[in-house]
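**Q**
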Amino acid sequence: MSKIAILAGDGIGPEVMDEAIKVLDAAQKKFDFALTYEHADVGGIAIDNHGEALPASTLTLCENSDAILFGSVGGPKWENLPPDQQPERAALLPLRKHFDLFCNLRPARVFKSLTGACPLRADIIKDGFDILCVRELTSGIYFGTPKGREGEGPDERAYDTMAYKRSEIERISRKAFEAARSRRKKVTSIDKANVLTTMVLWREVVTEIAKEYPDVELAHLYVDNATMQLVRDPHQFDVMLCGNMFGDIISDESAMLTGSMGLLASASINQESFGMYEPAGGSAPDIAGKGIANPIAQILSAAMMLRHSLGLDAAADAIDNAVEATLDKGVYTADIAIDSSTAVNTKAMGDAIVAAL
Ligand code: NAD
Ligand code: IPM
Ligand code: MN
1 MSKIAILAGD
11 GIGPEVMDEA
21 IKVLDAAQKK
31 FDFALTYEHA
41 DVGGIAIDNH
51 GEALPASTLT
61 LCENSDAILF
71 GSVGGPKWEN
81 LPPDQQPERA
91 ALLPLRKHFD
101 LFCNLRPARV
111 FKSLTGACPL
121 RADIIKDGFD
131 ILCVRELTSG
141 IYFGTPKGRE
151 GEGPDERAYD
161 TMAYKRSEIE
171 RISRKAFEAA
181 RSRRKKVTSI
191 DKANVLTTMV
201 LWREVVTEIA
211 KEYPDVELAH
221 LYVDNATMQL
231 VRDPHQFDVM
241 LCGNMFGDII
251 SDESAMLTGS
261 MGLLASASIN
271 QESFGMYEPA
281 GGSAPDIAGK
291 GIANPIAQIL
301 SAAMMLRHSL
311 GLDAAADAID
321 NAVEATLDKG
331 VYTADIAIDS
341 STAVNTKAMG
351 DAIVAAL
C-alpha cells in the first residue's frame, strides 16, 4: 500500500487532479495495486485557509508519503503579496529544495493524432518528435545567493545570482546520460558559455561526465540557438540537458510544439527516487473554473509517479497507451481541438481515458 500526498493547489489544479485520481483508481483495479490518497492545501488556497503557502502540516504529510502528486499553484489573487510570500516562491520552490528534487524530467512527445495541433509546418514536424528535457531543478539562478533589492530612485537595484557547484552539474549530467542510454543515445547540453562563467563550468563538467558514457553522443548548443533550432528542426534532439532557468524556458517551448501546455507532464526526483509529479504548466487562470482544462499533463504526471517512484511500470505504460488511444479516437479538449465545436470538457477527457484503460 503506497501513500500519495495529493496537493492540488490553485486554478485548474483541482480540476485536472480529479481526473488523474480517476485514472489512478482505474489503474489500481486493473493492475492490482493499492494507493491511499491524503489531500492537503498548498499555494494560494493554503494562504487563504492557513495564512501560509506551505503549512507545516502539508510538509509533514509529504515527508510521510511515498510520493507527491502536485497540481499547480499561483494566480492573480496572490500576485500582490510580497514576492517571498507568493505561492510559487513560498511553496513550490521550497518543496523542491526540501526534498532535493534536483532532477526534473519533462518529456515532450508529439502524439501521432496531434501533429495537426503543432504550430510548426507539416514538413517540419513530419510524423512527430520525441524529446526529453532534463532540467536541473534545485540550484542555478533560482536559488543562488545573494539575491535582493536595495537603494532607491534611479540607483535602486535588484539582483539574483546564478551559481552552480561542480557536484550539482555532475549529478544532473549523469541523469541525462543515463536517460539517453535508454533512448536514442544523444545528449544536447544547453548553456550560455560564451557569456556566463557559471556556464563555462557547466560545459566543462558535462564534457567530463560524457567520458563515462562513450556510447552516448554529446553536443553543446548556446541557449539562444537552441530555442531557434527547436522550431527549425526538433528531430535533431533526443535529451536536452539544461540548467534550471533555461530548462524552464525550453520545456514550455517544447510543450507547445506537442500541441498544448496541457500535455506536458513532469517528474521531479531526488537521488533516492522520491519524487513530486506535476504538470509543467501552471494554474491557467484564464480558463480556471470553466471545467475545460486539458487533464492529460496531470494524468501523464501520475503515470510518471507510478514508473519512477513506485516501480509500477506496466500500469504507467497502460496509462500512457490509454492517453494515446483516446487522442487517436479524436477526443480533444479545447486547447488541442482543431475544430473547437467538437471539444470535450475536462471530465469527459478523464472518462474517455479511463474507458480506454
Ligand atoms: P500557465 O501554464 O498557467 O498558462 C499558460 C497558458 O497555457 C494559458 O493560456 C493556459 O490556459 C494554458 N494552459 C496551461 N495548462 C493548460 C491545460 N492543462 N489545459 C489547457 N490549457 C492550459 O502559465 P501562466 O499563465 O504564466 O501562469 C499562471 C500561474 O501559474 C502563475 O501564477 C504562475 O506562476 C503559475 N505557475 C505554476 C506552476 C506550477 O505550479 N507548477 C507552473 C507554471 C506556472
Ligand atoms: C515550472 C514553473 C515554475 C518554475 C514556477 C511556477 C516557479 O514555471 O514548474 O516550470 O519556474 O520552475
Ligand atoms: Mn515553467
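Following UniProt numbering from start to finish, the sequence shown increments by one per residue and tops out at 357. All residues carry an ideal CB built from backbone N, CA and C; glycine is no exception.
#1: Helix, strand or coil: which one does DSSP assign to N345?
#2: Distance check for I6 and E14, CA to CA, integer angstroms please.
#3: Taking DSSP's pairing of strands, which residues face I169 in a bridge?
#4: With a CB to CB cut of under 8 Å and the five nearest residues on each side skipped, what residues in its chain are close to D313?
#5: Smallest Cα separation from A163: which of G151, T198, K185 and D155?
#6: Could you tell me the alpha carbon to alpha carbon distance between M261 and V223, rounded to whole angstroms?
#7: Given a cut-off of 8 Å on the beta-carbon distance, is the pair S72 and E253 in contact?
#8: A117 to R157, Cα distance in whole Å?
#9: Look at the alpha carbon of I249 and the alpha carbon of R135, and state the distance between them as a whole number of angstroms.
#10: Check whether the Cβ atoms of D10 and G43 sit closer than 8 Å, and answer yes or no.
#11: Quick one: is the Cβ of D248 within less than 7 Å of any heavy atom of ligand 4?
#12: Leaving aside the five residues before and after G330 along the sequence, list all residues of the same chain whose C-beta is less than 8 Å from its C-beta, in chain order.
#13: Confirm, please, whether the CB-CB distance from T258 to I292 is below 8 Å.
#14: Can you name, in chain order, every residue of its own chain whose Cβ lies under 6 Å from the Cβ of P295, other than the five neighbours on each side?
#15: Does the beta-carbon of E88, which I'm using as the reference point, lie nearer than 7 Å to any heavy atom of ligand 2?
#16: When you measure from the CB of I287 to every non-hydrogen atom of ligand 1, does any distance come out below 7 Å?
#17: Starting from S51 and walking both ways along the alpha helix (DSSP H), at which residues does that stretch end?
#18: Would the beta-carbon of S266 fall within 8 Å of that of S309?
#19: What first and last residue would you give for the alpha helix (DSSP H) that runs through M228?
#20: Return yes when the C-beta of I12 is under 7 Å from any heavy atom of ligand 1, and no when it is not.
#21: Give every residue of the same chain whose Cβ lies closer than 6 Å to the Cβ of S251, excluding the five residues on either side of it in the sequence, and list them in chain order.
#22: Buried or exposed: which applies to D3, given that a residue is buried once 16 or more other Cβ atoms fall within 10 Å of its Cβ?
#23: Determine the direct distance from the alpha carbon of A176 to that of D130, and round the result to whole angstroms.
#24: For the alpha helix (DSSP H) that residue 361 lies in, which residues bound it at each end?
#25: Could you give the first and the last residue of the continuous beta strand (DSSP E) run that contains L2?
#26: Where are the beta strand (DSSP E) runs, 3 residues long or more, that stay fully inside the region 107 to 167, in chain order?
**A** The short version:
#1: Taking the sequence shown and counting its residues from 1, one reaches residue 345 at position 345. Three-state DSSP puts N345 in coil, outside helix and strand.
#2: By 1-based counting over the sequence shown, the position of residue 14 is 14. By 1-based counting over the sequence shown, the position of residue 6 is 6. First, the amino acid is wrong: residue 14 is Pro here, not Glu. Straight-line spacing of the CA atoms in P14 and I6 works out to 10 Å.
#3: Along the sequence shown, read from residue 1 onward, the residue named residue 169 stands at position 169. Looking at the DSSP assignment, I169 forms no beta bridge with any residue, so it has no partner.
#4: Within the sequence shown, residue 313 is the residue found at index 313, counting from 1. Residues of the same chain with a CB within less than 8 Å of the CB of D313, apart from the 5 flanking positions on each side, are L306 and R307 in chain order.
#5: Sequence index remark: in the sequence shown, residue 163 carries index 163 (1-based). Comparing Cα-Cα distances from A163 to each of G151, T198, K185 and D155, the minimum goes to T198.
#6: To locate residue 261, count along the sequence shown from 1; it is residue 261. To locate residue 223, count along the sequence shown from 1; it is residue 223. Using only the alpha carbons, I get a separation of about 21 Å.
#7: Here residue 72 corresponds to residue number 72 of the sequence shown, with the count starting at 1. Here residue 253 corresponds to residue number 253 of the sequence shown, with the count starting at 1. The answer is no: Cβ separation not under 8 Å.
#8: Mapped onto the sequence shown, residue 117 falls at position 117. Mapped onto the sequence shown, residue 157 falls at position 157. Between A117 and R157, the C-alpha separation is close to 43 Å.
#9: Taking the first residue of the sequence shown as position 1, residue 249 is located at position 249. Taking the first residue of the sequence shown as position 1, residue 135 is located at position 135. Rounded to whole angstroms, the separation of the alpha carbons of R135 and I249 is 10 Å.
#10: Numbered from its first residue, the sequence shown carries residue 10 at position 10. Numbered from its first residue, the sequence shown carries residue 43 at position 43. Taking 8 Å as the Cβ cut-off, D10 and G43 qualify as a contacting pair.
#11: Of the ligands one can find in the structure shown, namely ligand 1, ligand 2 and ligand 3, none is ligand 4.
#12: Taking the sequence shown and counting its residues from 1, the one referred to as residue 330 is at position 330. Residues S113 and T342 of the same chain have their beta carbon placed closer than 8 Å to that of G330, with the five preceding and five following residues left out of the count.
#13: Residue mapping note: residue 292 aligns to position 292 of the sequence shown, counting from 1. Residue mapping note: residue 258 aligns to position 258 of the sequence shown, counting from 1. With respect to the 8 Å criterion, I292 and T258 are not classified as neighbours on the basis of their beta carbons.
#14: Along the sequence shown, read from residue 1 onward, the residue named residue 295 stands at position 295. V16, E19, T346, M349 and G350.
#15: For the purposes of this step, residue 88 is taken as the residue at position 88 of the sequence shown. For E88, the Cβ falls inside the 7 Å cut-off from some heavy atom of ligand 2.
#16: Looking up residue 287 in the sequence shown gives position 287. Indeed, a heavy atom of ligand 1 lies less than 7 Å from the Cβ.
#17: Indexing the sequence shown from 1 puts residue 51 at position 51. With the sequence shown as reference, residue 51 is identified as Gly, and Ser is not the correct amino acid for it. Here G51 belongs to no alpha helix (DSSP H), and DSSP marks it neither H nor E.
#18: On the sequence shown, position 266 is the one that residue 266 refers to. On the sequence shown, position 309 is the one that residue 309 refers to. S309 sits away from S266, with the two beta carbons spaced by 8 Å or more.
#19: For this step, residue 228 is matched to residue 228 along the sequence shown. In the DSSP assignment, M228 falls within the unbroken alpha helix (DSSP H) covering V223 to R232.
#20: Walking along the sequence shown from the start, residue 12 turns up at place 12. Flag set: Cβ of I12 near ligand 1.
#21: Taking the sequence shown and counting its residues from 1, one reaches residue 251 at position 251. Closer than 6 Å at Cβ, skipping near neighbours: R106, C133 and A280.
#22: Counting from 1 along the sequence shown, the entry for residue 3 is found at position 3. In the sequence as displayed, the identity of residue 3 is Lys instead of Asp. Classification of K3: exposed, given that the 10 Å Cβ count is below 16.
#23: Here residue 130 refers to the residue found at position 130 of the sequence shown. Here residue 176 refers to the residue found at position 176 of the sequence shown. CA-to-CA, the gap between D130 and A176 works out to about 15 Å.
#24: With the chain running from 1 to 357 in the structure shown, residue 361 is simply not present.
#25: Here residue 2 corresponds to residue number 2 of the sequence shown, with the count starting at 1. Per the sequence shown, residue 2 should be read as Ser rather than Leu. Counted as a single uninterrupted DSSP element, the beta strand (DSSP E) harbouring S2 occupies residues S2 to G9.
#26: Taken in chain order, the unbroken stretches of beta strand (DSSP E) that lie wholly in the region 107 to 167 and span 3 residues or more are 130 to 136, 144 to 150 and 157 to 161.
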